[in-house]
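Using the working numbering, you'd call the opening residue of the sequence shown number 13 and step up by one each time. Where is the CB? At the ideal position from N, CA and C, for every residue including glycine. Just so it is clear, the structure is predicted and the values come from calculations on it, not from any experiment. To keep things clear, I will list the structure first and then write my remarks on it.
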Amino acid sequence: MSLFNTVSMTLQHNSEGYYDKGVWVDGSKIEIPFTGTFQPASGKELEILPEGKRSKSIYKIFANLNNDFTSFDDLKQLEADNIIYDGMIYQVIKVEKWNNGLIPHWEFFVERFDEENDNG
């Protein structure tokens, strides 16, 4: 029996686009299945997020993945990655790598994506 309840999720990662003979070519969207823990963020954790991202729809995911990630707070000119869990889409807003000597893993803060309120 595991101490933590892990669930199946899918990471949607957007690769960088490029110019081909002066024409912009969008990067591809890669889907990576993985397992991890999914839980609500605490009040203290919400305080470290950008002010516009402090809502009740923020969750925390712990997972062991070998990948590059793009989050809302990156300075890259890419869309943030998404995580799909239980039929819902969550945008990655913050990612941190933890190498604590015990179990190296990634900590993701995600926000439920609401297409109706996305005026992007």
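Checklist line | Residue range of the beta strand (DSSP E) that includes Gly39 | finding: Gly39 -> no beta strand (DSSP E), and no H or E assigned at all.
Margin query: On the criterion of 16 or more Cβ atoms from any shown chain inside 10 Å, does Trp118 qualify as buried, or is it exposed?
Written below: buried
Next item on the list: Could you tell me if Lys106 is buried or exposed, where buried requires 16 or more neighbouring beta carbons within 10 angstroms of its beta carbon?
Entry: buried
Notebook entry, point to check: With distances taken from CA atoms, which of Thr49, Glu43, Gly29 and Asn26 is nearest Val19?
Noted result: Thr49
Check: Given Gln51, which residues of its chain have a CB within under 6 Å of its CB, disregarding the five upstream and five downstream residues?
Finding: Lys72
Item checked: Span separating the alpha-carbon of Val35 from that of Asp93 -> 24 Å
Checklist line | DSSP beta-bridge partners of Lys106 | finding: Phe121
Next item on the list: Determine the DSSP secondary structure at Gly55, reduced to helix, strand or coil.
Entry: helix
Item checked: Between the CA atoms of Tyr31 and Val122 - distance to the nearest angstrom -> 31 Å
Notebook entry, point to check: Near Ile101, which residues of its chain fall below 7 Å by C-beta distance, leaving aside the five closest residues on each side in sequence?
Noted result: Asn94 and Phe125
Check: Assuming Thr47 contacts Ile96 under a Cβ cut-off of 8 Å, what Cβ separation, rounded to an integer in Å, is found between them?
Finding: Rounded, the Cβ-Cβ distance is 13 Å, inconsistent with contact.
Next item on the list: Just the C-alpha distance for Asn78 and Lys33, rounded to the nearest angstrom, thanks.
Entry: 32 Å
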